[in-house]
Amino acid sequence: MATAPHAILPLSRLSPAVADWVESVRHLTQPAAVHWCEGSESEIRQLTAQLEQSGELLRLDEKTFPNCHLARSNPQDVARVEHLTFVCTRNKEDAGPNNNWMAPAEARAKMRNLFQGCMKGRTLYVVPYCMGPLNSPLSRYGVEITDSAYVVLNMYTMTRMGRPALELIARTGRFVKGLHSTGELDPNRRFIMHFPEELLIESYGSGYGGNALLGKKCHALRIASFQARTEGWLAEHMLIVGLRNPRGETHYVAAAFPSACGKTNLAMLIPPDSMPGWKVFTVGDDIAWLHPGPDGRLWAINPESGYFGVVPGTNPETNRNAYDMIRHDTLFTNVAVTADNQPWWEGLKEGKPATDWQGRPYDPANGPAAHPNSRFTVSAKNNPGYSPHAEDPQGVPISAIVFGGRRRTVAPLVYQSRDWAHGVLVGASVASETTAAATGQVGVVRRDPMAMQPFCGYNFADYWQHWLDIGAKLSNPPKLFHVNWFRRDEQGRFLWPGYGENLRVLAWMLERAAGRAGATQTAIGSLPRPEDLNLAGLNVAAADVQELLRVDQAAWRSEVGEFRKYLAQYGSRLPAKLTEQLDGVERRLG
Ligand code: OXD
Ligand code: MN
Numbered sequence: 003m004a005t006a007p008h009a010i011l012p013l014s015r016l017s018p019a020v021a022d023w024v025e026s027v028r029h030l031t032q033p034a035a036v037h038w039c040e041g042s043e044s045e046i047r048q049l050t051a052q053l054e055q056s057g058e059l060l061r062l063d064e065k066t067f068p069n070c071h072l073a074r075s076n077p078q079d080v081a082r083v084e085h086l087t088f089v090c091t092r093n094k095e096d097a098g099p100n101n102n103w104m105a106p107a108e109a110r111a112k113m114r115n116l117f118q119g120c121m122k123g124r125t126l127y128v129v130p131y132c133m134g135p136l137n138s139p140l141s142r143y144g145v146e147i148t149d150s151a152y153v154v155l156n157m158y159t160m161t162r163m164g165r166p167a168l169e170l171i172a173r174t175g176r177f178v179k180g181l182h183s184t185g186e187l188d189p190n191r192r193f194i195m196h197f198p199e200e201l202l203i204e205s206y207g208s209g210y211g212g213n214a215l216l217g218k219k220c221h222a223l224r225i226a227s228f229q230a231r232t233e234g235w236l237a238e239h240m241l242i243v244g245l246r247n248p249r250g251e252t253h254y255v256a257a258a259f260p261s262a263c264g265k266t267n268l269a270m271l272i273p274p275d276s277m278p279g280w281k282v283f284t285v286g287d288d289i290a291w292l293h294p295g296p297d298g299r300l301w302a303i304n305p306e307s308g309y310f311g312v313v314p315g316t317n318p319e320t321n322r323n324a325y326d327m328i329r330h331d332t333l334f335t336n337v338a339v340t341a342d343n344q345p346w347w348e349g350l351k352e353g354k355p356a357t358d359w360q361g362r363p364y365d366p367a368n369g370p371a372a373h374p375n376s377r378f379t380v381s382a383k384n385n386p387g388y389s390p391h392a393e394d395p396q397g398v399p400i401s402a403i404v405f406g407g408r409r410r411t412v413a414p415l416v417y418q419s420r421d422w423a424h425g426v427l428v429g430a431s432v433a434s435e436t437t438a439a440a441t442g443q444v445g446v447v448r449r450d451p452m453a454m455q456p457f458c459g460y461n462f463a464d465y466w467q468h469w470l471d472i473g474a475k476l477s478n479p480p481k482l483f484h485v486n487w488f489r490r491d492e493q494g495r496f497l498w499p500g501y502g503e504n505l506r507v508l509a510w511m512l513e514r515a516a517g518r519a520g521a522t523q524t525a526i527g528s529l530p531r532p533e534d535l536n537l538a539g540l541n542v543a544a545a546d547v548q549e550l551l552r553v554d555q556a557a558w559r560s561e562v563g564e565f566r567k568y569l570a571q572y573g574s575r576l577p578a579k580l581t582e583q584l585d586g587v588e589r590r591l592g
């Protein structure tokens, strides 16, 4: 007798391994119902309607923002919580000083207590997902179990979610387990736990962003970085952008910046009018998985399929593509609303808020109308600049990797490392002023190596060694750079206009990678001279350009001293090669 065609098998029967796990979680959390997510449009429409009915989603003005919704989070739950995020490896040393650590048995017991019966009266959603294009050997799979329909909607946009992913899991047998419950949204009963040795994530007590959309920071960075080390690749907090020059050549750049430092804007850059013939394509805006290719180059995929971007500041001048892209089919979280039911945020430059992000009548005395970490969730396909190669199974070849931070002083506009090993030091030495993307004080400088401080799932010392090892495998490695778009003068004025004008700096990098552009050698690396940059039509005073390209020896000596102190906590695990590189910089600084 013929068996039923594969496609109509109920989801719950596709993968016994997933079904067994769901059953054990059902037993623990005791939901009223279990819903396996197909990932179909009609399923998403239905869930959306359900959330509209319950008041958890507000439909925005249909004429100006078709199919757009607003969700308001609990006011105590508005950002990632790094102090409640743990990496639970068997040996504490493997998590490293860069992570909060808890013994796996202790963490499992704590979480078991929290999860016990937590879904009573709620629906348990099973969300199978694929990180990366469905047909790519570089993609990896996961299943998130959650009791939040809002999380399901976000996962639908941010990952390839549903039946095809579950079919791949059934075929390959390997997936990351992510268990999530919003719990009581009590900050005192909130933990984001990672068990990289077991490919397991457990998150309780938050429904927000990186705490709850487990495919993103938890899987695609913390667990994936750990996995990537054993498998010989890199999982990085990087955008990926394609740049086509007026000669018609396209090169790809990956760039690592701390959260809320403009990765989405750079990934969607619009060339300034004074640079005709350039075109920019977005491959990804937040995460890159980088694999050494058979040709000795580094190839990148974006594991995500949507953007969970910071809203404030988005306007036609800062990011035209994002401004257009979020005018339809977008889920907003924690923005304000105008009297005629349109979303509103600081920096929008049009309209005015009637209701703030907490749903109160807007009163400036209560602070910003939109929360500074308010977000849009939107499909990458909405982006007018979405790269035609973003879904290529082999990824795109990377010509340059850029590290950067938000620094008022010290770091010049741009510099290039001497070679890969020196570039690893440059990446490791990234420091940046903190932003609203995580809870805590905003604007204080903290070390954020490779922009991975909150996201590296293992000891940074081992991670730097892994970076060095990857470089040694590449016969044609990308060139490594550092940028700082945020340099200010003594009055606090930004010296560089940023946004589209950043293309001038990227263009110099690509010319360097091609061996064509000039530079001057300094103790910290190669910097362009003003004449090496295309500054035509740029409204920046020559003195400001000089300042942007100045290496202040004394400030750098103290920077190196600070960094050396920071590195000391990694003790004997620190790669000798990294220390040698630092010694080299110090020697050259004199
Ligand atoms: C993000 C972050 O949401 O880095 O991308 O916080
Ligand atoms: Mn990020």
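Our numbering numbers the first residue of the sequence shown as 3 and each following residue consecutively.
All C-beta atoms, glycine included, are put in the ideal place defined by N, C-alpha and C.
What you are looking at is a predicted structure, and each value in this text was computed from that prediction instead of being measured.
Three-state secondary structure (DSSP) at residue i?
i	result
M157	helix
G502	helix
E64	coil
P345	strand
R552	coil
C220	helix
F228	helix
L535	coil
E251	coil
K122	coil
W133	Reading the sequence as shown, one finds Met at residue 133 and not Trp. Note: M133 maps to strand in three-state DSSP.
K94	helix
L72	strand
M3	Here M3 scores only 42 on pLDDT, less than 50, and its place in the model should not be relied on; the value that follows carries that caveat. The answer is coil: DSSP assigns M3 none of H, G, I, E or B.
E435	strand
Using the C-alpha atoms, what's the distance from residue j back to residue i?
i	j	result
P166	S26	23 Å
Y325	P278	22 Å
T91	V129	25 Å
D464	Y572	10 Å
N100	V426	17 Å
E54	E45	14 Å
L292	V447	28 Å
L537	K579	37 Å
T159	R47	13 Å
R231	G286	22 Å
V169	S42	Looking at the sequence itself, residue 169 is Glu, so the reference to Val does not match. One C-alpha to the other measures close to 15 Å.
L126	I147	7 Å
K351	T316	9 Å
D421	P370	44 Å
I203	C263	27 Å
G217	A107	24 Å
Within the continuous beta strand (DSSP E) that includes residue i, where are the two ends?
i	result
P399	V398 to G406
T357	P355 to T357
R449	V447 to R449
W38	A35 to W38
G244	M240 to R246
W301	L300 to I303
G279	First-last for G279: undefined, no H or E at that position.
Residue i lies in the alpha helix (DSSP H); which residues open and close that run?
i	result
W422	W422 to A430
S560	Q555 to A570
R490	Counting along the chain, R490 falls outside any alpha helix (DSSP H), and DSSP gives it neither H nor E.
S141	Careful: S141 lies outside any alpha helix (DSSP H) and carries neither H nor E.
V27	P18 to T31
Q78	Looking at the DSSP string, Q78 is not in any alpha helix (DSSP H), and its letter there is neither H nor E.
E43	E43 to S56
Tell me which residues share the same chain as residue i and place their Cβ nearer than 8 Å to its Cβ, disregarding the 5 neighbours each side in the sequence.
i	result
L505	L245, L271, P273, P274, M277, W280 and V282
R191	L116, G185, Y206 and G207
M3	Confidence is the limiting factor: at M3 the pLDDT is only 42, short of 50, which leaves the residue's position unreliable and the question unanswerable from this model.
P355	A338, V339, T340, W346, Y364, A371 and A372
A81	Y210, G211, N375, A438, A439, A440 and T441
Short of 6 Å in beta carbon distance, which residues of its chain neighbour residue i, apart from the five on each side in sequence? Order them along the chain.
i	result
G295	W301
H221	G144 and V178
K94	W103
S227	A237, C458 and G459
I328	F378 and V380
Can you list, in chain order, the residues of its chain with a C-beta nearer than 7 Å to that of residue i? Leave out the 5 residues immediately preceding and following it.
i	result
A516	none
N368	D358 and R362
A423	L470, G473, K579 and Q583
M121	T31, Q32, P33, D149 and S183
N486	G406, G407, R409, A413, P414 and L415
- Query: For the ligand MN, which residues count as neighbours when the test is a C-beta closer than 5 Å to any heavy atom?
  - Reply: S261 and D288
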